[in-house]
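Asker:
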Amino acid sequence: GAVVSQHPSWVICKSGTSVKIECRSLDFQATTMFWYRQFPKQSLMLMATSNEGSKATYEQGVEKDKFLINHASLTLSTLTVTSAHPEDSSFYICSARAVFGRVSYEQYFGPGTRLTVT
Amino acid sequence: SQKIEQNSEALNIQEGKTATLTCNYTNYSPAYLQWYRQDPGRGPVFLLLIRENEKEKRKERLKVTFDTTLKQSLFHITASQPADSATYLCALSGTASKLTFGTGTRLQVTL
Numbered sequence: 001g002a003v004v005s006q007h008p009s010w011v012i013c014k015s016g017t018s019v020k021i022e023c024r025s026l027d028f029q030a031t032t033m034f035w036y037r038q039f040p041k042q043s044l045m046l047m048a049t050s051n052e053g054s055k056a057t058y059e060q061g062v063e064k065d066k067f068l069i070n071h072a073s074l075t076l077s078t079l080t081v082t083s084a085h086p087e088d089s090s091f092y093i094c095s096a097r098a099v100f101g102r103v104s105y106e107q108y109f110g111p112g113t114r115l116t117v118t
Numbered sequence: 119s120q121k122i123e124q125n126s127e128a129l130n131i132q133e134g135k136t137a138t139l140t141c142n143y144t145n146y147s148p149a150y151l152q153w154y155r156q157d158p159g160r161g162p163v164f165l166l167l168i169r170e171n172e173k174e175k176r177k178e179r180l181k182v183t184f185d186t187t188l189k190q191s192l193f194h195i196t197a198s199q200p201a202d203s204a205t206y207l208c209a210l211s212g213t214a215s216k217l218t219f220g221t222g223t224r225l226q227v228t229l
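Residue numbers (this note's numbering), protein chains in the order written: chain Y, 1 to 118; chain B, 119 to 229.
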């Protein structure tokens, strides 16, 4: 149980275009999803917290107009990188907080999306 | 500012030995501490969670300790196997469940 999927697993796009990444919780409902970015040989950095039905909360230094987050349902959150530039190339990972009849603080992560901007 | 450090970037041990990974933190009073495993090009996989009022937790060959006085957690893998080779991340959170990750330790188990 507690499986999270991401689509696509990798994407190459041209500078200036927008890319949408989907994150789905497959066998549970997730009121809260998180988006992380990971650069090579570095740890995960939280970008934003996405709550179903409300606006996302962005971490300091993350441009909300550049990284658009939509959490339209209890099983789907999307991250859109707008006007992508080469410096946005990174590994983007989402996670979902599973709640099985009680408050739970374990997070289950998707497999990640490798974004390369040329 | 909050800081989470994990011991050495890489740890090499022989198969069958116990691997011990360290996570130290400063300027933080976490309610929860979690350990994750990450393989190259993959997302982290949840392993164990320990609460601030717990001293130790076990799951199969894994054991985690949490010392809030020392501000340290130790993660042990007993009878290590080559398949345990991966990067291990510790992560801290308060009650808001927002995770702050450590730098990670790359474990290599050799035959």
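Yeah, the Cβ is synthetic: ideal placement off N, Cα and C, and Gly gets one too.
Hey, how far is the Cα of B/Ile195 from the Cα of B/Val227?
Answerer: Rounded to the nearest angstrom, the two C-alpha atoms are 11 Å apart.
Asker: Give me, in chain order, the residues of the same chain whose beta-carbon lies closer than 7 Å to that of Y/Ser90; leave out the 5 immediate sequence neighbours on both sides.
Answerer: Result list for Y/Ser90: Arg37, Gln38, Phe39, Leu115, in chain order.
Asker: Can you list the residues of chain Y that B/Ser198 reaches, using a CB-CB cut of under 8 Å?
Answerer: Near B/Ser198 there are no residues of chain Y at all, since even the closest Cβ is about 22 Å away, more than 8 Å.
Asker: Is B/Ser215 near Y/Thr32, with beta carbons less than 8 Å apart?
Answerer: The answer is yes: Cβ separation under 8 Å.
Asker: At a Cβ cut of 7 Å, what residues of the segment 199-217 of chain B count as close to chain Y, listed as they run along the chain?
Answerer: Going along the segment 199-217 of chain B in chain order, one finds Leu207, Ser211, Ser215, Lys216, Leu217 with a Cβ nearer than 7 Å to chain Y.
Asker: With a CB to CB cut of under 7 Å and the five nearest residues on each side skipped, what residues in its chain are close to Y/Ser15?
Answerer: The answer, listed in chain order, is Ala84, His85, Pro86, Val117, Thr118.
Asker: For B/Arg160, which residues in chain Y fall below 7 Å Cβ to Cβ?
Answerer: Those within 7 Å of B/Arg160 in chain Y are Pro111, Gly112.
Asker: How about B/Leu229 and B/Glu133: are their beta carbons less than 8 Å apart?
Answerer: Yes, these two residues count as a Cβ contact at 8 Å.
Asker: Just by C-beta distance, which residues in the segment 151-176 of chain B are closer than 8 Å to chain Y?
Answerer: The residues in question are Gln152, Tyr154, Gly159, Arg160, Gly161, Pro162, Val163, Phe164, Leu167.
Asker: What are the boundary residues of the beta strand (DSSP E) that B/Phe164 is part of?
Answerer: Note, B/Phe164: beta strand (DSSP E), 163-169.
Asker: Can you have a look at Y/Leu26 and say buried or exposed, based on whether 16 or more other CB atoms are within 10 angstroms of its CB?
Answerer: Y/Leu26 comes out exposed.
Asker: Which residue marks the beginning of the beta strand (DSSP E) containing Y/Asn70, and which one marks its end?
Answerer: Per DSSP, Y/Asn70 belongs to the beta strand (DSSP E) from 67-73.
Asker: Using the beta-carbon of each residue, which ones in chain B are nearer than 7 Å to Y/Ser89?
Answerer: Here the premise fails: no neighbours, minimum Cβ distance about 14 Å.
Asker: Classify B/Gln120: buried if its beta carbon has 16 or more other beta carbons within 10 angstroms, exposed otherwise.
Answerer: So B/Gln120 counts as exposed.
Asker: What residue range is occupied by the uninterrupted beta strand (DSSP E) comprising B/Ser191?
Answerer: Run containing B/Ser191: 190-195, per the beta strand (DSSP E) assignment.
Asker: Measure from the alpha carbon of Y/Ser43 to the alpha carbon of each residue in B/Thr187, B/Arg155, B/Thr186, then state which is nearest.
Answerer: Looking at the Cα atoms, B/Arg155 is the closest of the given residues.
Asker: Does any residue of chain Y have a CB that is nearer than 8 Å to the CB of B/Phe233?
Answerer: The first residue shown for chain B is 119 and the last is 229, placing residue 233 of chain B beyond what the model contains.
Asker: Give the DSSP-derived three-state secondary structure of Y/Ala84 in the structure shown.
Answerer: Of the three classes helix, strand and coil, the one that applies to Y/Ala84 here is coil, per DSSP.
Asker: Three or more C-beta pairs closer than 8 Å, one from the segment 132-149 of chain B and one from the segment 66-79 of chain Y: is that the case here?
Answerer: Touching, no.
Asker: Where does the unbroken beta strand (DSSP E) through B/Lys121 begin, and where does it stop?
Answerer: Note, B/Lys121: beta strand (DSSP E), 121-124.
Asker: Would Y/Ser77 pass as an interface residue toward chain B - the criterion being a Cβ-Cβ separation below 8 Å?
Answerer: Not closer than 8 Å to any Cβ of chain B, the Cβ of Y/Ser77 fails to qualify, so no.
Asker: Within 10 angstroms of the Cβ of Y/Glu119, are there 16 or more other Cβ atoms? Answer buried if so, exposed if not.
Answerer: This structure gives no information on residue 119 of chain Y, because the portion of chain Y shown stretches from 1 to 118.
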